[in-house]
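Asker: Numbering (our numbering), first residue to last: 5 to 233.
Backbone N, C-alpha and C fix where the C-beta goes; we use that ideal spot for every residue, glycine too.
For clarity, every value in this text was computed on a predicted model and none was experimentally measured.
The structure that follows is given in the form of structure tokens.
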């Protein structure tokens, strides 16, 4: 049986995180929550819900993900698959089973959960998120002949392939960096449609003008960096 670990960055998600943890399938070996400088009860709630909880005081989605990877790297028994999931309860954690299916059944390296319009709750993605996804995936299609349609945070990857990507982005560019490196290294990938709902609380990225602008700059920067590298 494949060993699966889930990495969940969380910043002030005390109202959402227990719901996320509860709905993750039992096939997962360890749920790793990284409190990214939270000032509420995220750590207390996540610990009570049975997760492994780490702290990363440097703000940034990438910093939190890298902290989770560092923790896994120090374990004696490594996972076969790592799943990334948001802590705001906008994803449906129980869909993890179908997210990892292409890896288990078809030996695919990387799977992205695509938040397709027909399965999205109304207003669950902001106009700037939708445009940013469209722009990024369109550029990837033009430059790399990619078939991605989304930069969805709910994603699964073989652990050995994750290490091979040598991830480095510390903030908003984490998801697009991963997809670009998958393309560059010619790894196999697929998207599967996933449901998506309105998050609990306010988004730290798409909920602010500054967050949206910074995320957009990072995404475009990574695409052009890899296009002309």
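Return helix, strand or coil for residue 96, following the three-state DSSP convention.
Answerer: coil
Asker: With a cut-off of 8 Å, do at least 3 Cβ pairs link the stretch 156-171 to the stretch 94-111?
Answerer: Yes, the stretch 156-171 is in contact with the stretch 94-111.
Asker: Under three-state DSSP, which class holds residue 62?
Answerer: Coil, per DSSP.
Asker: Quick check: the Cα distance between residue 51 and residue 10, rounded to an integer number of angstroms?
Answerer: 15 Å
Asker: Relative to the alpha-carbon of residue 101, which residue among 8, 81, 230 and 64 has its alpha-carbon at the smallest distance?
Answerer: 8
Asker: Cα separation between residue 209 and residue 5?
Answerer: In this prediction, residue 209 scores a pLDDT of 48, lower than 50, which makes its location untrustworthy; no coordinate-derived value is stated.
Asker: Residues in its own chain within less than 6 Å of residue 166 by CB, not counting five upstream and five downstream?
Answerer: 86
Asker: Compare the beta carbon distance of residue 53 and residue 26 with 9 Å and say whether it is the shorter of the two.
Answerer: yes
Asker: Determine the direct distance from the alpha carbon of residue 134 to that of residue 144, and round the result to whole angstroms.
Answerer: One Cα belongs to residue 144, the other to residue 134, and the distance between them is close to 15 Å.
Asker: Using the beta-carbon count (16 or more within 10 Å), is residue 141 buried or exposed?
Answerer: Buried: at least 16 other Cβ atoms inside 10 Å.
Asker: Using the C-alpha atoms, what's the distance from residue 80 back to residue 122?
Answerer: 42 Å
Asker: Which residues mark the beginning and the end of the beta strand (DSSP E) in which residue 160 is found?
Answerer: 159-162
Asker: Under 9 Å between C-beta atoms, does residue 168 make it to chain C?
Answerer: Given the protein chain composition of this structure (a single chain), no chain C is represented.
Asker: Can you tell me whether DSSP reads residue 210 as helix, strand or coil?
Answerer: Low confidence applies to residue 210: its pLDDT is 46, below 50, so where it sits in the model is not reliable, and the reading given next is rough at best. If DSSP states are grouped into helix, strand and coil, residue 210 belongs with coil.
Asker: Could you compute how far the alpha carbon of residue 203 sits from the alpha carbon of residue 90?
Answerer: 10 Å
Asker: What residue ranges within the stretch 116-201 form continuous beta strand (DSSP E) runs of no fewer than 3 residues, ordered along the chain?
Answerer: 159-162 and 193-197
Asker: What are the partner residues of residue 13, as DSSP defines its beta bridges?
Answerer: 38
Asker: Please determine, among 56, 33, 43 and 41, the residue with the shortest C-alpha to C-alpha distance to residue 22.
Answerer: It is 56.
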